[in-house]
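Just so you know, we're using this note's numbering here: the sequence shown kicks off at 526 and counts up by one. Don't be surprised by glycine CBs; every beta carbon is placed ideally from N, CA and C.
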Amino acid sequence: MVGCGAALDAVARGLSVGLVEQSDLAAGTSSRSSRLAHGGLRYLEQREFHLVREALTERGLLLDRLAPHLVRPVPFLFPVSKRWERPYVASGVRLYDMLSKVGAYGGTMPRPKSLNRDEAKALAPDLDSGEIAGAVRFHDAQIDDARHTVAVARTAAGLGAHIATRTRVVRLLVDGDVVVGARVHDDLSGEDYDIRARVVIAATGIWTDEVLRMAGATGEPRVRQSKGVHLVVPGSAIRSTTAIIARTPTSVLFLLPWAGKWLVGTTDTPADDEVDLAHPMATDEDIDYLLAQANRWLARPLTRADVLTTYAGYRPLIAEGEDDDPTATLSREHAIFRPCPGLVAIAGGKYTTYRVMAADAVDAAVEQLDADVPESTTSDIPLVGAEGFAGDWQRRSAIAEELGLPLEMTERLLRRHGSRISEIRGLIAEDPSLREQLVEGEPYLRAEAVLAATHQGALGLGDVLDRRLRIGLETADGGLAAAQAATPLVAAILDWDADRASDELQAYAEEAAARTGSVTDPVLAE
Ligand SMILES: Cc1cc2nc3c(=O)[nH]c(=O)nc-3n(C[C@H](O)[C@H](O)[C@H](O)COP(=O)(O)OP(=O)(O)OC[C@H]3O[C@@H](n4cnc5c(N)ncnc54)[C@H](O)[C@@H]3O)c2cc1C
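(1) For H710 and D717, which I take to be in contact (beta-carbon distance under 8 Å), what is that distance rounded to the nearest angstrom?
(2) What I want to know is whether the C-beta of A722 ends up closer than 7 Å to one or more non-hydrogen atoms of ligand 1.
(3) What is the DSSP secondary structure of V964, counted as helix, strand or coil?
(4) Could you have a look at D956 and say whether DSSP puts it in helix, strand or coil?
(5) Relative to the C-alpha of L809, which candidate in D798, L823, A803 and T792 has its C-alpha closest?
(6) Starting from P604, trace the beta strand (DSSP E) in both directions and tell me its first and last residue.
(7) Measuring CA to CA, which of I871, G543 and R597 is closest to F914?
(8) Excluding sequence positions up to five away, which residues of its chain have a Cβ less than 7 Å from the Cβ of L959?
(9) Compute the distance between the beta-carbons of L620 and G564, then report whether it is under 8 Å.
(10) Is the segment 882 to 897 touching the segment 860 to 869, taking contact as three or more C-beta pairs under 8 Å?
(11) Measuring only the C-alpha atoms, how far is E955 from I949?
(12) Taking 6 Å as the limit between beta carbons, can you name the residues of its chain near E546, skipping five residues before and five after?
(13) Distance, Cα to Cα, A671 vs A658?
(14) Regarding Y876 and ligand 1, is the C-beta to nearest heavy atom distance less than 7 Å?
(15) Any idea which residues DSSP pairs L788 with across the strands?
(16) What residue from A681, L868, G753 and A552 has the CA that sits closest to S776's CA?
(17) Answer with buried or exposed for F601, where buried requires no fewer than 16 other C-beta atoms within 10 angstroms of its C-beta.
(18) Less than 7 Å between C-beta atoms, sequence neighbours within five positions excluded: which residues of the same chain meet that for D653?
(19) Considering only residues of the same chain and omitting the five flanking positions on each side of A762, which have a CB-CB separation below 7 Å?
(20) Rounded C-beta distance between A531 and A883? I'm assuming under 8 Å.
(21) Considering Cα atoms alone, identify which of E1035, E1036 and P1013 is closest to R1025.
(22) Tell me whether D622 is buried or exposed, calling it buried when 16 or more other Cβ atoms sit within 10 Å of its Cβ.
(23) Is DSSP giving L720 helix, strand or coil here?
(24) Skipping 5 residues on each side, what residues in its chain have a beta carbon closer than 6 Å to that of T729?
(25) So, is T876 buried or exposed, given that buried needs 16 or more other C-beta atoms within 10 angstroms?
(26) Measuring alpha carbon to alpha carbon, tell me which of R708, A682 and R557 ends up nearest R840.
(27) Identify every residue that forms a DSSP beta bridge with H710.
(28) Given 7 Å as the limit, tell me if T554 has its C-beta closer than that to any heavy atom belonging to ligand 1.
(29) Using the rule of at least 16 other Cβ atoms within 10 Å of the residue's Cβ for burial, across every protein chain shown, is Q818 buried or exposed?
(30) When you compare each of P957, E961, R920 and G929 to G943 by their alpha carbons, which one comes out closest?
(31) Over the uninterrupted beta strand (DSSP E) stretch that includes R772, give me the two end residues.
(32) Rounded to whole angstroms, what's the CA-CA distance from L855 to I843? Just pull it up for me.
(33) In terms of alpha-carbon separation, which member of A722, G873 and T835 lies closest to D813?
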């Protein structure tokens, strides 16, 4: 996310920009978050008021201007188990609400409200009456993280940024002690080539130390990884009209409605030295921990059988030098490193503040250019799909009729594509069979799988199913049925022969099995 944000920030200032990503857009941490555009209520307890305010301003900007189709308000309940806790939580939430109103954005959320046990139960019938003494109701926002990252990348590309995925920086090009570009490896062609640049920005999250080492940095790691796991359970497993946030021993528990299901997160555990950073997975221990935390508050306990699938990610946390600090107490604030001329690295922060991080990184890069470069303007640049969304939303019944789709399906499409629903319309007009669902019972169209490859930069099945459609992270088969259905559609666009298609599907099936714990042999659709 931060790299795409920096590309947009820089190209919008008139700079010439190339972005390389070793895997897919958002394949790192940015498709694995809790999907909240939030200020972080718990940072108030750590008295990080400026961080909370900054993130709430970004939340407001995203909601109101930058990506109203991908970001939406969500009501939350914060239940408490002791009566005395309610005024304490209520005052924190009121402060949170006040901070969101300082500045130009974010004043659109309903006011928080303190509720007694019966009022809370009316909103969330599955809360356990024996456990709760009341709750505080407030609003925050949900964001489709990976889709949003892709929207930022498309917006940057629209302004002239060059973007290459499956392209890994293998070393930095150095002239004397100045970084002057990077040698990259193209995974698809197998070729290496050089890209010259006046400044290189490394926005490589949990891989930051790898890049700093390429520049000769030694010593203690600057970034630590902390694993966070989410479980996905069916919509029927929890009866509640609002999301729920509750305390846990190490951080907070979220129960979040998502695409007719619930996300249950998250854990906060330091990564071992030997982990595979690109493929974080939930362990049995992670799953049991989350079920136990959720069941503290739920009258109908969740069981292992409720877990459809899981996903995990590593937070890039700035190391504070104190090795025995539990990672949960480290600040989410970002840091900029300037290890040598020509190289700027940025890491830390959180998804919500990507735009601020990107602007800071580009400011640091601009300091190294002997040029008059304007300031960041990204607070004024609506992302692809945002412009015209409000009008399309008003006309959604008419659009549903034009597309020949149910209203509910059209609303979901608008929430994913914004005004770029026009691209779906174009595809369906050419081939009406693309109006059909990719797999029965899930609200994703065949046209969306095609669009992922034609317009959204997807180069593999994981790109299509996990980060464009998101179905791979939502279903009990880990997206396998959808992958089987999508393969011929995607193969036709990306020019895969039968062997390549079968290899892609096999690789996807292995990832899906690792996520869900169930192994099925994939069958390629005709
Ligand atoms: C479980 C969990 C829940 C979270 N929930 C939230 C939330 O609700 N709200 C919120 O605001 N934040 C949340 N966060 C934090 C947020 O997700 C991260 O801070 C953010 O996504 C990090 O973005 P990034 O761009 O720095 O890193 P990444 O998304 O990891 O991007 C770094 C990219 O660099 C690429 N890369 C690395 N090395 C190279 C190389 N040599 N060559 C080319 N490319 C390379 C990687 O492939 C990767 O795609 C959460 C994090 C976790 C783990």
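Answer, in terms of the structure:
(1) For the purposes of this step, residue 710 is taken as the residue at position 185 of the sequence shown. For the purposes of this step, residue 717 is taken as the residue at position 192 of the sequence shown. The pair is a contact, with the Cβ atoms about 5 Å apart (cut-off 8 Å).
(2) Here residue 722 refers to the residue found at position 197 of the sequence shown. Not under cutoff, so the answer is no.
(3) Stepping through the sequence shown from its first residue, residue 964 is reached at position 439. In this structure, V964 counts as coil in the three-state DSSP scheme.
(4) Stepping through the sequence shown from its first residue, residue 956 is reached at position 431. Here D956 sits in coil by DSSP.
(5) Taking the first residue of the sequence shown as position 1, residue 809 is located at position 284. Per the sequence shown, the amino acid found at residue 809 is Asp instead of Leu. For D809, the nearest C-alpha among the options comes from T792.
(6) The residue labelled residue 604 in the question sits at position 79 within the sequence shown. From DSSP, the beta strand (DSSP E) with P604 extends over V596 to V605.
(7) Locating residue 914 in the sequence shown gives position 389, counting from the first residue. Per the Cα distances, R597.
(8) Numbered from its first residue, the sequence shown carries residue 959 at position 434. Closer than 7 Å at the Cβ level, and outside the excluded window around L959, lie L952, I953, L970, R971, A972 and V975.
(9) For this step, residue 620 is matched to residue 95 along the sequence shown. For this step, residue 564 is matched to residue 39 along the sequence shown. Contact: no.
(10) yes
(11) Reading the sequence shown from its first residue, position 430 is the one you call residue 955. Reading the sequence shown from its first residue, position 424 is the one you call residue 949. Their Cα atoms are separated by approximately 10 Å.
(12) Looking up residue 546 in the sequence shown gives position 21. The answer, listed in chain order, is T690.
(13) Position 146 of the sequence shown, counting from 1, holds the residue named residue 671. Position 133 of the sequence shown, counting from 1, holds the residue named residue 658. Between A671 and A658, the C-alpha separation is close to 37 Å.
(14) Here residue 876 refers to the residue found at position 351 of the sequence shown. Yes, Cβ of Y876 sits closer than 7 Å to a heavy atom of ligand 1.
(15) One-based indexing of the sequence shown puts residue 788 at position 263. Note: L788 sits in a beta bridge opposite V757 and L781.
(16) Taking the first residue of the sequence shown as position 1, residue 776 is located at position 251. When C-alpha distances from S776 are compared across A681, L868, G753 and A552, the shortest belongs to G753.
(17) For the purposes of this step, residue 601 is taken as residue 76 along the sequence shown, with counting starting at 1. F601 comes out buried.
(18) For this step, residue 653 is matched to residue 128 along the sequence shown. Taken in chain order, the residues that qualify are W822, L823 and A824.
(19) On the sequence shown, position 237 is the one that residue 762 refers to. Within the same chain, Cβ atoms closer than 7 Å to the Cβ of A762 are found at W787, L827 and D831, the five residues on either side in sequence being excluded.
(20) The residue you call residue 531 lines up with position 6 of the sequence shown. The residue you call residue 883 lines up with position 358 of the sequence shown. The pair is a contact, with the Cβ atoms about 4 Å apart (cut-off 8 Å).
(21) By one-based count along the sequence shown, residue 1025 stands at place 500. Of E1035, E1036 and P1013, the residue nearest in Cα terms is P1013.
(22) Mapped onto the sequence shown, residue 622 falls at position 97. By the neighbour-count criterion, in which a residue is buried when 16 or more other Cβ atoms sit within 10 angstroms of its Cβ, D622 is buried.
(23) Here residue 720 refers to the residue found at position 195 when the sequence shown is read from its first residue. The question names Leu, yet the displayed sequence has Ile at residue 720. In the structure shown, I720 adopts extended strand secondary structure according to DSSP, grouped into three states.
(24) Position 204 of the sequence shown holds residue 729. For T729, where only same-chain residues beyond five positions count, the Cβ hits under 6 Å are V736.
(25) As a working note, residue 876 is residue 351 in the sequence shown. Going by the sequence as given, residue 876 is Tyr instead of Thr. That one is buried.
(26) Residue numbering aside, residue 840 sits at position 315 when the sequence shown is read from its first letter. Cα-wise, what sits closest to R840 is R557.
(27) Here the question's residue 710 lines up with position 185 in the sequence shown. Its beta-bridge partners are R693 and D717.
(28) Residue numbering aside, residue 554 sits at position 29 when the sequence shown is read from its first letter. Answer for T554: yes, Cβ within range of ligand 1.
(29) If you number the sequence shown from 1, residue 818 lands on position 293. With 16 or more Cβ atoms within 10 Å of its Cβ, Q818 is classed as buried.
(30) In the sequence shown, counting from the first residue as 1, residue 943 sits at position 418. The shortest C-alpha separation from G943 is found at R920.
(31) Residue mapping note: residue 772 aligns to position 247 of the sequence shown, counting from 1. Its beta strand (DSSP E) spans residues A768 to R772.
(32) Locating residue 855 in the sequence shown gives position 330, counting from the first residue. Locating residue 843 in the sequence shown gives position 318, counting from the first residue. Residue placement at L855 is flagged as unreliable, the pLDDT there being 48, under the threshold of 50; a coordinate-derived value is accordingly withheld.
(33) To locate residue 813, count along the sequence shown from 1; it is residue 288. Out of A722, G873 and T835, T835 has the C-alpha closest to the C-alpha of D813.
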